[in-house]
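Novice:
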Amino acid sequence: MKTQLREKNSLSRAGIRSMRNKRIPNIKRKWLFILLPIIAIVITHLTFSYLNSPNRLVKSFEKAVSDNNYKEVTHLLQKGGTTASLDEDSVIAFMDYMNSTDLVDEVGDMVQKNKVINSQLVDDRGNHVISIKKGSKFLGIYQTYSIKVEPFELEVSSPIDEVELKLVNQDSKLKIGQYEKTYRNILPGKYTLAVSYKGSYSDVKDSVDLDFSAATKNKLTQELTFNVSYVQIYSNEPDAELFVNGKDTGEKISDLEQVGPFLLNGQTVVHAEVEKDGKVYKTDDIPVTGKFVDLLFDTSIENPDQTDEKDGFFAGLKRFFDKYLPSPKPSSDLEEIQLINGLFNQNGQAFLESKEYQDKIKKKDTTQKLVSFAMKNSKQDDSGMIITTNETYEITDKHGEAKKKSFEITYHFSRENDELKMDSIVKIKEIK
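Shown next as structure tokens:
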């Protein structure tokens, strides 16, 4: 009996221990069921917070640019609403720009302690390169951010119109009378601008390297400097016709405001021809190297009466000398200055004010009369012309005695508003 009681007590104690052991795991499971969702929520919250943080954004951008991962960079810029062209060549040029200028290292400084402290990256030339902006809230809780590249502009100016331009995948052509073209929405970087022109007299093919690191306030200005220009041509024969590389253009030089465009490398030559009394006269062949070309005939082919005609540069020059040589006794120097006012380039030296001219030609109480005038030679450039003449004057002294003197005089004429104006005497040499 006692033995049975002991066995029952042993079974009772074992059952209690078993019940206690079963109760403890149940409590742990209940806590796990409570804690696991909380932990999952916290992890999810931290993950979403990080994924949408500005810190993660700039790190992703820096890595993509440094690794030259144009697909990831394109994705980030598209997401940020970048309006510039995001073709592959442009994005690659942009990544090179960011790396070569070390601006990529400054992107991380825009965010500190997971807060945007500077929403815009501006370089030392005033270019707004990158902006970080807030987006919508993910799940209504997590603030999102995006990164955007501010677009740049390119302004191209050309010395001639009807030029064809190609920049990346953009083809354009300047219209007649159009000398400027503006490209917008460009990612900063290095590019090549292809330039071509096919004209009546010259063909041009060129390329220009563009570097937007030289831009200021998101604008780069590029002047095309290929050696091409329209040319103004002058001849002392108003009826002369223009020839280009030996071919008759069929047009009178006096009817042409400008001709071209020409390559100004001297490969193109022009000359003029005129027929007088059944004989054809021709100027020398002049290489086109500047914006002004003078095709001058020897004065011996002119008709004697032409010097008194209204038209013709040299006839007008002769009349000028004849009219404005110093009078016998001017009342004052001011009177002479007023007399010639407006007839000369006021930035230069009027011939009546030339001390050398006064010493050589003007004598006290004498008069001078121009009796003959002939051009010896001329030389032109973009600033004007140098003309050397042989001039004979009849000089009468105060006693009424007259004698003739001849001079070789070199004048400089400046171009002013498409006209020639004498501004100085370069040299005077008396012909014995």
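699 is the number of the first residue of the sequence shown in the working numbering; add one for each residue after it. Cβ atoms here follow ideal geometry from the backbone N, Cα and C, with glycine treated the same way. Since the model is a prediction, treat every value here as computed from it, not as a measurement.
(1) Counting pairs of beta carbons, one from the segment 885-893 and one from the segment 954-969, are three or more of them closer than 8 Å?
(2) In whole angstroms, give me the CA-to-CA distance for Val827 and Gly944.
(3) Counting only the same chain and skipping the five closest in sequence on each side, list residues whose C-beta sits under 7 Å from that of Glu804.
(4) Output the residue ranges of the beta strand (DSSP E) runs that lie fully inside the segment 893-925 and measure 3 residues or longer, sorted by chain position.
(5) Tell me, please, which residues DSSP counts as bridged to Tyr928.
(6) When you compare the segment 874-884 with the segment 798-815, are there three or more beta-carbon pairs, one atom per stretch, that lie closer than 8 Å?
(7) Go through its chain and collect everything with a Cβ distance to Thr640's Cβ below 6 Å, but skip five positions before and after it.
(8) How many angstroms separate the CA atom of Phe990 from the CA atom of Lys980?
(9) Taking Ile790 as part of the alpha helix (DSSP H), name the residues at either end of that continuous run.
(10) DSSP three-state call for Gly948: helix, strand or coil?
(11) Give me the Cα-Cα distance between Leu918 and Glu935, rounded to the nearest whole angstrom.
(12) Pull up the DSSP beta-bridge partners for Leu993, would you.
(13) State buried or exposed for Ala1100, treating a residue as buried only when at least 16 other CB atoms are found within 10 Å of its CB.
(14) Rounding to the nearest angstrom, what Cα-Cα distance links Ser900 and Asn925 in this structure?
(15) Would the beta-carbon of Lys813 be found less than 7 Å away from any heavy atom of the ligand MN?
(16) In whole angstroms, what is the alpha-carbon distance linking Thr987 and Tyr768?
(17) With a CB to CB cut of under 6 Å and the five nearest residues on each side skipped, what residues in its chain are close to Ile858?
(18) In whole angstroms, what separates the C-alpha of His1110 from that of Asn1075?
(19) Where does Asn753 fall in DSSP's three states?
(20) May I ask you to report which of helix, strand or coil DSSP gives Val866?
(21) Would you list the one or two residues that DSSP bridges to Tyr1154?
(22) Where does Asp807 fall in DSSP's three states?
(23) Return helix, strand or coil for Gln876, following the three-state DSSP convention.
(24) Within the same chain, show all residues whose beta-carbon is closer than 8 Å to that of Val978, passing over the 5 residues directly before and after it, in chain order.
(25) What's the gap between the Cα of Ser758 and the Cα of Glu770?
(26) DSSP on Asp953, reduced to helix/strand/coil?
(27) Over the uninterrupted beta strand (DSSP E) stretch that includes Glu971, give me the two end residues.
(28) Excluding the 5 residues preceding and the 5 following Arg1113 in the sequence, name in chain order all residues of the same chain whose CB lies nearer than 6 Å to its CB.
(29) May I ask you to report which of helix, strand or coil DSSP gives Val814?
(30) Quick check on this structure: which residue in Thr780, Val789, Leu784, Met808 has the alpha carbon closest to the alpha carbon of Leu755?
(31) Given Tyr795, which residues of its chain have a CB within under 6 Å of its CB, disregarding the five upstream and five downstream residues?
(32) How many Å lie between Ile815 and Gln920 at the Cα?
(33) Name the DSSP bridge partner or partners of Tyr768?
(34) Below 8 Å on the Cβ atoms is my contact criterion, and I expect Leu872 with Glu853 to pass it. Report the Cβ-Cβ distance as a whole number of Å.
(35) Which whole-angstrom value describes the C-beta separation of Phe792 and Val847, a residue pair presumed to lie in contact below a C-beta threshold of 8 Å?
Specialist: According to the data block:
(1) Not touching, per the Cβ criterion.
(2) Each residue's alpha carbon lies about 55 Å from the other.
(3) Residues Leu819 of the same chain have their beta carbon placed closer than 7 Å to that of Glu804, with the five preceding and five following residues left out of the count.
(4) Complete beta strand (DSSP E) runs here, min 3: 901-909, 917-921.
(5) Tyr928 is bridged by DSSP to nothing; it lacks a bridge partner.
(6) The segment 874-884, when compared against the segment 798-815, does not touch it at the 8 Å Cβ threshold.
(7) Residue 640 cannot be examined here, being either before or after the span of the chain that is shown, 699 to 1130.
(8) If you draw a straight line from the Cα of Phe990 to the Cα of Lys980, it is about 19 Å long.
(9) Ile790 -> alpha helix (DSSP H) spans 786-798.
(10) Correct three-state label for Gly948: strand.
(11) Glu935 has its alpha-carbon roughly 47 Å from the corresponding atom of Leu918.
(12) Its beta-bridge partners are Ser933.
(13) Under a 10 Å Cβ-count criterion, Ala1100 is classified as exposed, with fewer than 16 other Cβ atoms of the shown protein chains found around its own Cβ.
(14) Taking the straight line from one Cα to the other gives about 11 Å.
(15) In terms of ligand content, the structure shown is empty, and the ligand MN therefore cannot be addressed.
(16) When rounded, the distance between both Cα atoms is 47 Å.
(17) Here the set comprises Val926, Pro959.
(18) For His1110 and Asn1075, the distance between alpha carbons rounds to 12 Å.
(19) Three-state result, Asn753: helix.
(20) In the structure shown, the three-state DSSP call for Val866 is coil.
(21) Nothing about residue 1154 can be read from this structure; the chain reaches only from 699 to 1130.
(22) Three-state result, Asp807: helix.
(23) Gln876 falls in the coil class under three-state DSSP.
(24) Excluding residues within five positions, the ones whose Cβ falls inside 8 Å are Glu971, Val972.
(25) Their backbone Cα atoms lie some 9 Å apart in a straight line.
(26) Asp953 falls in the helix class under three-state DSSP.
(27) It spans 967-974 - the beta strand (DSSP E) in which Glu971 sits, taken as one unbroken run.
(28) Its chain contains Gly1082 as the residues whose beta carbon lies nearer than 6 Å to that of Arg1113, once the 5 sequence neighbours on both sides are disregarded; these appear in chain order.
(29) Reduced to three states, the DSSP call for Val814 is strand.
(30) With respect to the C-alpha of Leu755, the residue from Thr780, Val789, Leu784, Met808 having the closest C-alpha is Met808.
(31) Contacts found: Pro886, Gly887.
(32) A straight-line Cα-Cα distance of about 35 Å links Ile815 and Gln920.
(33) Bridge partners of Tyr768 according to DSSP: none are assigned.
(34) In this structure Leu872 does not touch Glu853 by the C-beta definition: roughly 13 Å separates them, more than the 8 Å allowed.
(35) Between Val847 and Phe792 the Cβ distance is about 7 Å, and since that is below 8 Å, they are a contact.
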